[in-house]
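Asker:
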Amino acid sequence: MALSGRTVVSGVHIVAEEGEIAGLIGPNGSGKSTVLRTVYRHLRPQAGRVLVGGTDVRTLTAVESARRVAALPQERGTDFELSVHEVVAMGRTPYKRAFSGEDRTDTDTVAAALSRVGMSGAGRRRFSALSGGERQRVLLARALAQDPQVLVLDEPTNHLDVRHQVELLTLLRDQRRTTLLALHDLNAAASVCDRLHVLHRGAVVASGAPREVLTPELLAEVFGVRAAVVEHPLTGDPLIAFDHRGAVEAAAV
Amino acid sequence: MAPAAVERRERGAGVRAGRAGIALGAVLLVALTASVCLGSTRVPLGEVWSAVERGLTGQAPAPGTQDLIVWRLRVPRALLAAVVGAGLGLVGTAVQALVRNPLADPYLLGISSGASLGAVSAIVLGAGAGGALGLGLSSAAFAGALASFALVWAFARRGGGFRPLRLVLAGVGIGQFLSGFTHYLVLRSGDEQQTHGVLFWLMGSLGGAQWTTLAAPTAAVLLGLAALLARARALNALLMGDETAASLGVDVTRLRRELFVVTSMLTGVLVSVSGAIGFVGLMVPHACRMVVGGDHRRLLPVSALFGAVLLTVVDLIARTALPDQELPVGVVTALIGAPTLLYLLDRRLERG
């Protein structure tokens, strides 16, 4: 499975192999969201292609591509009083014709998606009354109800407290689905992603396994911070220890 | 929880909507009947039914009875109230999803003002005649509604994205401007009798109801309901945001364009028969969401029914509140609706 994009921002080549979690990291404004938006078809790339399982999504109709790619954009809330069931059932949109009702498959898919995110039986709760962590899990359930080949997530752990961040990322790993996500937290990215792409000023400057990509040199150049990369004492993953007392002088270059 | 139990619980919303529909249908019948019976002269129930029966079977009105009042005035007026109310409920629901703001309403967003200006321009320029169905008037009102909606939308979206507050303020501002222009046109036209009539109509009035005025709004409401129901799932997806909707396979730009046309068409036709009746489009979807939830497949038909009930009752109040004078129905909806808006605003602020 390959996803390759060339965005308005610049030439970008990004890959997520089947079943793996590929992370997009980079400073604010580096183009992470823009790249993701071309994958879930909110934006149309001026040049380049987005391939899902070898198929260019632009050769598909919007509905066909929505059956293959599901997304969690940064839109997190709604001013409308929707129930959890109504939100998750939206994931069935690409499978339904006009005027058709909810059938057995839909109800089962919605219930299964809710159970996979640990929210079974929450269908009648009000979405807007949920905690931030619960809301994100429900939105993930909506994406799962789309039964996609690829999940795309834009900063899914934003505004969550640490425990809910860990819960959500664990949940994502457990899905074993091809996933492309933008992450702010570099340590989370190092733990959860199989592959990382580093975006800097709209271009990919490094790609590969987290251990290869996350070096003190790259962190200094791209993020402008001084950091040591050590081994996580509990998991053995790369652990980035930032120097919070001083930025890199040369970052201004 | 067992899947069967989950399923039963989710079915609850559908059952509730069904029950709400049946209950509202029954209430609507009662409200229509009351509206025909009550007024400046009271007509006993028995006489109403016999008059309706004679009317439906095409017999001439019986002499010495109130048949004429019932069949020529009261029945079409009650039906027009129901049809316009249903239309306002639909438009409100659709506009709220379109601009993703539960406090939106064609009246607040200046769409009704655009429709009024279109209709008044047609009258002043003499194009208002346009046949018995008032097609000239409706088309002018439709054009006005579409133009003002596009203007408000473009202004609210300047600089990308849109914030709810900016949208509502843009709507109020542009709406006031258009109303000012409309009133100028009306007052300049000279004829005092006509001026009074047009001003009364502008405030929202069902006084012009005849059998012939029913055709256009009825057709518009049925068409609108079908067009919106066909897009019910896309409307649901739109509530979460444009990006989410796009990721669910909805062509957001095209959907918005279609919704602009459908809501402007409905607003134009409704305004041309009943003037600008405010706040019904705001209150109805709110109340209905509390009962049947936010899924448009249920919300749209229930909003239409509740809108019909509400406006039928409001029109009855407008006709009977004062002993010797009729109030414009828009005055009554404003007296009920504006406090509702403030209450909703307050509740939303509390929630953050």
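The listed protein sequences correspond, in order, to chains C and H.
For the first sequence, this note's numbering gives the first residue as 233, with consecutive numbering after it.
For the second sequence, this note's numbering gives the first residue as 37, with consecutive numbering after it.
Note that beta-carbon positions come from the ideal geometry of N, C-alpha and C, so glycine has one too.
1. May I ask which residues mark the beginning and end of the alpha helix (DSSP H) holding C:I257?
2. Leaving out five residues before and five after H:V349 in sequence, what residues of the same chain have Cβ atoms less than 7 Å from its Cβ?
3. In three-state terms, what does DSSP make of C:T181?
4. Could you give the uninterrupted runs of the alpha helix (DSSP H) lying entirely in the stretch 41-125 of chain H, keeping only those of 4 residues or more?
5. Can you list, in chain order, the stretches of the alpha helix (DSSP H) that have 4 or more residues and sit fully within the stretch 390-461 of chain C?
6. Can you give me the start and stop residues for the beta strand (DSSP E) that C:L385 sits inside?
7. If you draw a straight line from the C-alpha of C:L362 to the C-alpha of H:L358, how long is it?
8. Any beta carbon from chain H within less than 8 Å of C:P388's own beta carbon?
9. Report the three-state DSSP secondary structure of H:I313 (helix, strand or coil).
10. How about C:G434 and C:S265: are their beta carbons less than 8 Å apart?
11. Going by the DSSP bridge assignment, what does C:V301 pair with across the sheet?
12. Select from the stretch 263-284 of chain H all residues with a C-beta closer than 9 Å to any C-beta belonging to chain C, and list them in chain order.
13. Please list the partners that C:T291 has in chain H, where partner means a Cβ-to-Cβ separation under 7 Å.
14. Going along chain H in order, which residues have a C-beta closer than 9 Å to the C-beta of C:P277?
15. Is the CB of C:T337 under 8 Å away from at least one CB in chain H?
16. Looking only at its chain, what residues have a beta carbon closer than 7 Å to the beta carbon of H:A192, apart from the 5 residues adjacent to it on each side?
17. Kindly indicate which three-state DSSP category H:P321 falls into: helix, strand or coil?
18. If you draw a straight line from the alpha carbon of C:V430 to that of C:V457, how long is it in whole angstroms?
19. With a cut-off of 8 Å on the beta carbons, I'd call H:L284 and H:R136 a contact; round off their distance for me.
20. For chain C, is any of its Cβ atoms less than 8 Å away from the one on H:G54?
21. Between H:P97, H:V297, H:V327, which has its C-alpha nearest C:L314's C-alpha?
22. In chain H, which residues lie less than 9 Å from C:T486 when you measure between Cβ atoms?
23. Provide the residue(s) that pair with C:A479 in DSSP beta bridges, ordered along the chain.
24. Pair every Cβ in the stretch 222-242 of chain H with every Cβ in the stretch 149-161 of chain H, then say whether three or more of these pairs are closer than 8 Å.
25. Cα-Cα, which of C:L385, C:P326, C:R477, C:L403 is closest to C:L304?
26. Can you grab the Cα-Cα spacing for the pair H:H219 / H:A59, in whole Å?
27. Taking all protein chains shown into account, do 16 or more other C-beta atoms lie within 10 angstroms of the C-beta of H:A190, making it buried, or fewer, making it exposed?
28. Do C:P448 and C:A459 have their beta-carbon atoms positioned less than 8 Å apart in this structure?
29. Got a sec, what are the start and stop residues for the alpha helix (DSSP H) H:S149 sits in?
30. So if I threshold CB-CB distances at 9 Å, which residues from the stretch 127-140 of chain H count as touching chain C?
31. Shorter than 8 Å from the beta carbon of H:G330 to some beta carbon of chain C?
32. Which of helix, strand or coil does DSSP assign to H:L144?
33. Nearest by alpha-carbon distance to C:G251: which of C:T410, C:V480, C:V424, C:P259 is it?
34. How long is the line joining the alpha carbons of H:V72 and H:G240, rounded to whole angstroms?
35. Tell me where the alpha helix (DSSP H) around C:A266 begins and ends.
36. On the three-state DSSP scale, how would you describe C:A473?
Answerer: So, from the data block:
1. Premise fails: C:I257 lies in the beta strand (DSSP E), 253-257, not in any alpha helix (DSSP H).
2. A67
3. With chain C represented from 233 up to 485, any question about residue 181 of chain C goes unanswered, as that position is not in the structure.
4. 81-92
5. 394-407, 418-424, 442-445
6. Taken as a continuous stretch (DSSP letters only), the beta strand (DSSP E) holding C:L385 covers 382-386.
7. If you take the alpha carbons of C:L362 and H:L358, they lie about 48 Å apart.
8. no
9. coil
10. no
11. C:V382
12. L265, A266, R267, A268, R269, A270, N272, A273, L275, M276, G277, D278, E279, T280, A281, A282, S283, L284
13. None at all; the shortest Cβ gap to chain H is about 15 Å.
14. Neighbours of C:P277 on chain H: none; closest Cβ ~14 Å, over 9 Å.
15. No - not a single Cβ of chain H is within 8 Å of the one on C:T337.
16. F198, R202, L203, A206
17. helix
18. 15 Å
19. About 15 Å separates the two Cβ atoms, so there is no contact after all.
20. no
21. Measuring from the Cα of C:L314, the nearest candidate turns out to be H:V327.
22. Because chain C here runs from 233 to 485, residue 486 of chain C falls outside it and cannot be looked at.
23. C:V457
24. yes
25. C:L385
26. 41 Å
27. Its Cβ having fewer than 16 others within 10 Å, H:A190 is exposed.
28. yes
29. Unbroken alpha helix (DSSP H) run through H:S149: 147-160.
30. Q132, A133, R136, N137, P138, L139
31. At a cut-off of 8 Å, the C-beta of H:G330 has a neighbouring C-beta in chain C.
32. coil
33. C:T410
34. Pairing H:V72 with H:G240, the inter-Cα distance amounts to about 20 Å.
35. It is Thr, not Ala, that sits at residue 266 of chain C in the sequence shown. Run containing C:T266: 264-271, per the alpha helix (DSSP H) assignment.
36. strand
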